[in-house]
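A.B. asks:
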């Protein structure tokens, strides 16, 4: 591709992410692929920081994902290294060596063991990661570590993203206020050789690792795992949640005590997930798809994803066409229980079809108007049960073809 | 869309389809949606004609599919009515009435019962089918019935297709030569409101309906069901095979006696299926995807379809980029057994990656040359077993967005 991509028309400004006790970060220009921008992030966590992680379901994951899965078993983190420009995927034994080299260098730098270091890489697939370039900037990174570096961090991890993504919330645990900051990158499930969904979430709360893991996994299901740009699953998708325990709350695993934290965590993840959809490659419209009346929530989600991944639905949205025929087609291809003669379809809150046919006297005017907007809402009533789900996607435009159909340069 | 689409650069000429004993056909301009072209086909079959059918797996099928599934139980056919321009899908009770009206009119015209009449409709979804327009041309159709009308039939059933599709073969059953003619239409699994995959195959052989059904279903699996344009499944996909029994062979169900017929039938279906891929919406390149070394044939096919349906693989082909990183990603997202470190990927017969990494000394030159051609071949070795499959697709181009992203007009 020639030149930077234009900023998505759906972009949101990066909020101010306040400092967070127990997290210090620094970024550097390692020159892995990009020139004239930061491409490496180092984060240092306070002693005792617990960690949770959720990774790609792709069966050909990158070497950093394999590393994280292993060290996650310890439940403790002291450091995180993220690089952009090279995904270290499908790189064989050299990829494993690059991971080990990076982890050991970071461990030495931070005075800890390698199995307390988490890693993520995003960028080109199939090219060896020059770990020595990361190692070379490690001392510089250490010297620059500071608490107030979330904005820099949000920028250093980007690839084909057109805007930096972050979210912040506070919550109260047993009377103590804690903060959650999250950053993310991603603009396709995987993109023009480089892109992937990465998210790093930080909190100063004290929460045992198994509790943290359960909360993270639950919220991933209804946030990041409900976003699709092109149905393609990156080999590097990673969400990590670090809890430094510096806020002063007593560590707890009593569900009731964590209700407010769970709410705040979910909101941070929900914000970040929607930002990924808003930065979908070539996206001109953000599409929210609600499915209700399915036989179960899981069934509703599968139907919603079938609609969200249908090229014909996505091109119809790009063309501002409220084409409910294509939506019905997508419901039918999902393979989930559905009855043609009970289906209803609404766009922008207006029911176009109900009980298997066009609504009598249906007036297209408000729907046509809705389709011209930036945020499109599609609701499908399956008419069989109580299952419901909401997923988010973007439209499929010439921009997607431009970005992904151009030769690697 | 304004104006006709340009003919696919992958188009093949329509072969001469010789007359076939026991099949008479006629076409007419019913004006259902299109003007100045034929849009209805009537076929009359000799008494005793057996029939087999395979239909869409979409759970929201059109009314004609529901009709065909029911009358297929009788195993006998006297007539077929196909219309283009309106799919009679998601049309509720009106759709069922349109089907009955058409079937009864054709039955009266041909002097048979309605449950011997097969129907297929393709075109816009969600608009009532004006069956009276079909009924109005029925006498005219009857008057024009003739044996030598395959070319006209291949044209009358088209929607967004850019070329007519047909194939013919002969086979020998117990020393008697029989002929098989097939026609098809389809350019997306479902298209800009109108399109679908329909195929009608005719033979003068005498073959019992259950035997016919088994042969048709088996060949569909490795032909029509191995073609994907955009992963979307039409609500109307229909393949019907009619055997008039006029060639003079003795009806047989001895598998050995039907080997040559099975070969010829498979070839006809294979030709037609590839023509559908060649007419994929916006297609500039025909892509053959071979998967070998999977744990089973079924597993190989699922992996091959994951590659064929990946927007990132399809845009890479459009960009003439032999991007094996995206192919590996697609293998991994298929959810089938695969081991990153055993994978191999070849393009145009040249192995780019083997055993989980780039082939040492890999020379890109012949691959770059291959990617510039019209017919692209991708082979993936999973390295785990003996399972293999081949599927066909086309690239994903700006043409697809143009065709599917324009407002219904």
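Chains as they are written, first to last, in the working numbering: chain A, 28 to 436; chain B, 28 to 436. Even glycine gets a Cβ: it sits at the ideal position worked out from N, Cα and C.
Given 8 angstroms as the limit, tell me if residue 105 (chain B) has its C-beta closer than that to any heavy atom belonging to the ligand ZN.
C.D. replies: Questions concerning the ligand ZN fall outside what the structure shown contains, since it holds no ligand whatsoever.
A.B. asks: Taking only beta carbons into account, state which residues of the stretch 244-263 of chain B come closer than 8 angstroms to chain A, listed in chain order.
C.D. replies: 257, 258, 259, 260, 261 and 262
A.B. asks: Here's the rule: buried if 16 or more other CB atoms are within 10 angstroms of the residue's CB, otherwise exposed. What is residue 286 (chain A)?
C.D. replies: With fewer than 16 other Cβ atoms from the protein chains shown falling within 10 Å of its own Cβ, residue 286 (chain A) counts as exposed.
A.B. asks: Going by beta carbon distance, what residues of the same chain come within less than 8 angstroms of residue 57 (chain B), once the five residues before and after it are set aside?
C.D. replies: 66, 67, 110, 160, 161, 163 and 164
A.B. asks: With DSSP collapsed to three states, give me the class of residue 212 (chain B).
C.D. replies: strand
A.B. asks: Identify whether residue 308 (chain B) lies in helix, strand or coil by the three-state DSSP scheme.
C.D. replies: coil
A.B. asks: So, does the CB of residue 502 (chain A) fall closer than 9 angstroms to a CB anywhere in chain B?
C.D. replies: As displayed, chain A neither begins before 28 nor continues past 436, which places residue 502 (chain A) out of reach and without an answer.
A.B. asks: For residue 39 (chain B), tell me which candidate among B:190, B:177 and B:267 has the shortest Cα-Cα distance.
C.D. replies: Here the closest residue by C-alpha is B:190.
A.B. asks: Among residues of its own chain, excluding the 5 on either side of residue 175 (chain B), which ones have a beta-carbon nearer than 7 angstroms to its beta-carbon?
C.D. replies: 46
A.B. asks: So which residues of chain B does residue 87 (chain A) contact, with C-beta pairs closer than 8 angstroms?
C.D. replies: Chain B residues near residue 87 (chain A): 355, 356, 358, 359, 365, 367 and 370.
A.B. asks: In whole angstroms, give me the CA-to-CA distance for residue 275 (chain A) and residue 195 (chain A).
C.D. replies: 19 angstroms
A.B. asks: Please state whether DSSP places residue 337 (chain B) in a helix, a strand or coil.
C.D. replies: coil
A.B. asks: By DSSP, does residue 74 (chain A) sit in helix, in strand, or in coil?
C.D. replies: Three-state DSSP puts residue 74 (chain A) in coil, outside helix and strand.
A.B. asks: Which first and last residues belong to the alpha helix (DSSP H) in which residue 166 (chain B) is found?
C.D. replies: 165-171
A.B. asks: Is there contact between the stretch 77-95 of chain A and the stretch 115-134 of chain A, where contact requires at least three CB pairs shorter than 8 angstroms?
C.D. replies: yes
A.B. asks: Quick one: Cα of residue 403 (chain B) to Cα of residue 242 (chain B), how far?
C.D. replies: 30 angstroms
A.B. asks: Hey, quick one: how far does the beta strand (DSSP E) through residue 391 (chain B) stretch, first residue to last?
C.D. replies: Neither: residue 391 (chain B) is in no beta strand (DSSP E) and is coded neither H nor E.
A.B. asks: Given a cut-off of 9 angstroms on the beta-carbon distance, is the pair residue 330 (chain A) and residue 365 (chain A) in contact?
C.D. replies: yes
A.B. asks: Closest to residue 232 (chain B) by CA distance: which of B:75, B:410 and B:263 is it?
C.D. replies: In terms of CA proximity to residue 232 (chain B), B:75 leads the group B:75, B:410 and B:263.
A.B. asks: Taking the straight line between their C-alpha atoms, what separation do you get for residue 239 (chain B) and residue 102 (chain B)?
C.D. replies: Near 10 angstroms, if we compare the C-alpha coordinates of residue 102 (chain B) and residue 239 (chain B).
A.B. asks: Give the secondary structure of residue 189 (chain B) by DSSP, where H, G and I count as helix, E and B as strand, and everything else as coil.
C.D. replies: coil
A.B. asks: Going along chain B in order, which residues have a C-beta closer than 7 angstroms to the C-beta of residue 385 (chain A)?
C.D. replies: 153
A.B. asks: Which stretch, first to last residue, makes up the beta strand (DSSP E) that contains residue 405 (chain A)?
C.D. replies: 402-408
A.B. asks: Please return the same chain residues whose Cβ sits closer than 6 angstroms to the Cβ of residue 33 (chain A), not counting the five positions on each side in sequence.
C.D. replies: Excluding its 5 nearest sequence neighbours in each direction, residue 33 (chain A) has no C-beta neighbour in its own chain below 6 angstroms.
A.B. asks: If you draw a straight line from the alpha carbon of residue 216 (chain B) to that of residue 308 (chain B), how long is it in whole angstroms?
C.D. replies: No answer about residue 216 (chain B) holds up, because its pLDDT of 49 lies below 50 and its placement is not dependable.
A.B. asks: Would you kindly work out how many angstroms separate the C-alpha atoms of residue 79 (chain A) and residue 182 (chain A), rounded to a whole number?
C.D. replies: Going from the Cα of residue 79 (chain A) to the Cα of residue 182 (chain A) covers about 23 angstroms.
A.B. asks: Nearest CA to the CA of residue 344 (chain B): which residue from A:132, A:432, A:83 and A:289?
C.D. replies: A:432
A.B. asks: Taking 9 angstroms as the threshold (beta carbon to beta carbon), is residue 425 (chain B) in contact with chain D?
C.D. replies: Although the question refers to chain D, the structure presented lacks it and instead comprises the protein chains A and B.
A.B. asks: Taking only beta-carbon atoms, is residue 304 (chain A) less than 9 angstroms away from chain B?
C.D. replies: Closer than 9 angstroms: no.
A.B. asks: Measuring only the C-alpha atoms, how far is residue 296 (chain B) from residue 213 (chain B)?
C.D. replies: 13 angstroms
A.B. asks: Of the residues B:319, B:204, B:371 and B:420, which one's Cα is nearest the Cα of residue 273 (chain B)?
C.D. replies: Residue 273 (chain B) has its Cα closest to that of B:204, out of B:319, B:204, B:371 and B:420.
A.B. asks: Determine the burial state of residue 283 (chain B): buried for a count of at least 16 other Cβ atoms within 10 Å of its Cβ, exposed for fewer.
C.D. replies: Residue burial annotation: residue 283 (chain B) is exposed, with fewer than 16 other C-beta atoms found within 10 angstroms of its C-beta.
A.B. asks: Of the choices B:186, B:131 and B:59, whose alpha-carbon is the least far from that of residue 155 (chain B)?
C.D. replies: B:59
A.B. asks: Would you please state the rounded distance, in angstroms, between the beta carbons of residue 339 (chain B) and residue 356 (chain B)? I believe it to be under 8 angstroms.
C.D. replies: 7 angstroms
A.B. asks: Going along the chain, which residues of its own chain have a beta-carbon closer than 7 angstroms to the beta-carbon of residue 199 (chain A), five neighbours each way excluded?
C.D. replies: 287
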